[in-house]
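Numbering (this note's numbering), first residue to last: 98 to 182. A virtual CB, placed ideally from N, CA and C, is assigned to each residue, including glycine. Predicted model, so just to flag it, every value in this text is computed and none were measured. Everything on this sheet refers to the single structure shown next.
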């Protein structure tokens, strides 16, 4: 339902409501990340990536957690990603 919302801000607000209500699916998180990324909204992007990383970590998915953490590092502007010296 949220993916069908055209306005990116409205989509992020709806995703936030579902997250707070405990009804956020992985597809919803991906939709929120894509909406923030497509608009170039860095802070919302980092927030939603953080939620994705937390969910992946809770699920024990080490590879997915590392992938998301690298994307967070890129969005934060860290040179070379998360593992650079």
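Endpoints, alpha helix (DSSP H) assigned at residue i
i           : result
residue 134 : 123-136
residue 165 : 159-173
residue 147 : 139-155
Neighbour-count burial assignment, residue i, 16 or more Cβ in a 10 Å radius
i           : result
residue 141 : buried
residue 166 : buried
residue 125 : buried
residue 120 : exposed
residue 106 : exposed
residue 117 : exposed
residue 139 : exposed
residue 159 : exposed
residue 114 : exposed
Contact belief for residue i with residue j at Cβ below 8 Å, rounded distance in angstroms
i           : j           : result
residue 129 : residue 112 : 4 Å
residue 162 : residue 153 : 4 Å
residue 168 : residue 146 : 6 Å
Option in the options with minimal Cα separation from residue i
i           : options            : result
residue 102 : 168, 132, 119      : 132
residue 174 : 100, 127, 143, 110 : 143
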